[in-house]
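Undergrad: Would you mind keeping the following structure in view while I ask a few things?
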Amino acid sequence: MRVGILSDTHGLLRPQVKDILKTCDVILHGGDINRETIIKELEAFAPLYVVRGNNDKEWAEGMPEELSFSLEGVSFYMVHNKKGASHESVSGADVVVYGHSHRYDERVIDGTLWLNPGSCGPRRFHQPITMAVMTIEGRAYQVEKLEFAHEEAGGAGI
657 MRVGILSDTH
667 GLLRPQVKDI
677 LKTCDVILHG
687 GDINRETIIK
697 ELEAFAPLYV
707 VRGNNDKEWA
717 EGMPEELSFS
727 LEGVSFYMVH
737 NKKGASHESV
747 SGADVVVYGH
757 SHRYDERVID
767 GTLWLNPGSC
777 GPRRFHQPIT
787 MAVMTIEGRA
797 YQVEKLEFAH
807 EEAGGAGI
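Below you can see the structure in the form of structure tokens.
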């Protein structure tokens, strides 16, 4: 199973990101989507698990702020800002997916993978434009970080 993992798209779904998501069986979005049309686009590619970010306003009021689920026997917990993660929810997860900081981070803490795919929306804070693809086989998984080139000043501004 291929799992596309992204966060902080802030209203922009880049063509390169779409190309990767079209190859995925499931998509996880860690919040700050900013536009409902992004949700509809993602759902057209694959089943979508998504949490509400701090910039997701009225249109996202019914969206969960945290989510727990399993894929192929691997248990996931998602929250936009890791500071909002409850100890009880995290303790049962193999993988915690979060966003908010726009910085890619991948580390194992007490046997749990904490993964922030960074931001693949508009470039902010001079951070790289990133997302992740997880491959799950059996209960084993591996994560690949993907980084995209950004346009220089005077370009499209994304």
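Just so we're aligned, residue 657 is where the sequence shown starts under this note's numbering, counting upward by one.
Positions of the beta carbon are idealized from the N, C-alpha and C atoms, including for glycine.
No experiment lies behind these values; they were computed from the predicted model shown.
#1: Roughly how many angstroms lie between the CA atoms of isoleucine 661 and leucine 684, to the nearest whole one?
#2: Could you please give the first and the last residue of the uninterrupted alpha helix (DSSP H) stretch that includes glutamine 672?
#3: Closer than 8 Å by C-beta to serine 726: which residues in its own chain qualify, once you throw out the five before and the five after it? Chain order, please.
#4: Find the nearest neighbour of aspartate 681 within the set Glu722, Ile689, Ala702, judged by alpha-carbon distance.
#5: Rank Arg779, Asn711, Val707 by C-alpha distance to the C-alpha of tyrosine 719 and give the top, closest one.
#6: If I'm right that tyrosine 797 touches methionine 790 with Cβ under 8 Å, what's the distance once you round it to whole angstroms?
#7: Hey, how far is the Cα of asparagine 711 from the Cα of serine 742?
#8: Since aspartate 688 and glycine 755 should fall inside the 8 Å C-beta cutoff, what is the C-beta to C-beta distance between them, to a whole number of angstroms?
#9: So, under 8 Å CB-CB, leucine 668 and glycine 777 are touching, yes? Tell me the CB distance rounded to an integer number of Å.
#10: Determine, for glutamate 714, whether the minimum Cβ-Cβ distance to residues of chain D falls below 7 Å.
#11: Between histidine 758 and the rest of its own chain, which residues show a CB-CB distance below 7 Å, the 5 nearest in sequence each way excluded?
#12: What is the DSSP secondary structure of isoleucine 814, counted as helix, strand or coil?
#13: Alpha carbon to alpha carbon, what distance is there between glutamate 714 and asparagine 690?
#14: Name the DSSP beta bridge partners of threonine 791, please?
#15: Isoleucine 785 and phenylalanine 804: beta carbons closer than 7 Å?
#16: Give the DSSP bridge partners of serine 726, in chain order.
#17: If you check the beta carbons only, do glycine 729 and arginine 658 fall under 7 Å apart?
TA: Put simply:
#1: Within the sequence shown, numbered from 1, the residue matching residue 661 stands at position 5. Within the sequence shown, numbered from 1, the residue matching residue 684 stands at position 28. Straight across, the Cα-Cα distance linking isoleucine 661 with leucine 684 is about 5 Å.
#2: Residue mapping note: residue 672 aligns to position 16 of the sequence shown, counting from 1. It spans 671 to 677 - the alpha helix (DSSP H) in which glutamine 672 sits, taken as one unbroken run.
#3: Looking up residue 726 in the sequence shown gives position 70. Phe732.
#4: Taking the first residue of the sequence shown as 1, we reach residue 681 at position 25. Minimum Cα distance to aspartate 681 is reached at Ala702.
#5: Start at 1 with the first residue of the sequence shown, and residue 719 comes out as number 63. In the sequence on display, residue 719 carries methionine and not tyrosine. For the residues Arg779, Asn711, Val707, the minimum Cα distance to methionine 719 belongs to Val707.
#6: Within the sequence shown, the letter at position 141 stands for residue 797. Within the sequence shown, the letter at position 134 stands for residue 790. The Cβ separation is near 5 Å, so the contact holds.
#7: What you label residue 711 is simply residue 55 of the sequence shown in a count that begins at 1. What you label residue 742 is simply residue 86 of the sequence shown in a count that begins at 1. The alpha-carbon atoms of asparagine 711 and serine 742 are separated by roughly 21 Å.
#8: On the sequence shown, position 32 is the one that residue 688 refers to. On the sequence shown, position 99 is the one that residue 755 refers to. So it is a contact: roughly 6 Å between Cβ atoms.
#9: Counted from its first residue, the sequence shown places residue 668 at position 12. Counted from its first residue, the sequence shown places residue 777 at position 121. Their Cβ separation, rounded to whole angstroms, is 4 Å, which keeps leucine 668 and glycine 777 in contact under 8 Å.
#10: Structure shown: chain D not included; a single protein chain is present.
#11: On the sequence shown, position 102 is the one that residue 758 refers to. Only Asp664, Gly774, Ser775, Arg780, Phe781, Gln783 meet the Cβ criterion.
#12: Working through the sequence shown from its first residue, we reach residue 814 at position 158. Confidence at isoleucine 814 is low in this model, with a pLDDT of 40, below 50, so its placement is unreliable and the value that follows should be read with caution. Coil at isoleucine 814, not helix or strand.
#13: On the sequence shown, residue 690 is found 34 positions in, with the first residue counted as 1. On the sequence shown, residue 714 is found 58 positions in, with the first residue counted as 1. If you take the alpha carbons of asparagine 690 and glutamate 714, they lie about 10 Å apart.
#14: For this step, residue 791 is matched to residue 135 along the sequence shown. Threonine 791 pairs with Arg658, Gln798.
#15: Position 129 of the sequence shown, counting from 1, holds the residue named residue 785. Position 148 of the sequence shown, counting from 1, holds the residue named residue 804. Going by C-beta atoms, isoleucine 785 is nearer than 7 Å to phenylalanine 804.
#16: The sequence position of residue 726 within the sequence shown is 70, counting from 1. BP columns for serine 726 point to Ser731.
#17: What you label residue 729 is simply residue 73 of the sequence shown in a count that begins at 1. What you label residue 658 is simply residue 2 of the sequence shown in a count that begins at 1. Against a cut-off of 7 Å, the Cβ pair of arginine 658 and glycine 729 comes out as no contact.
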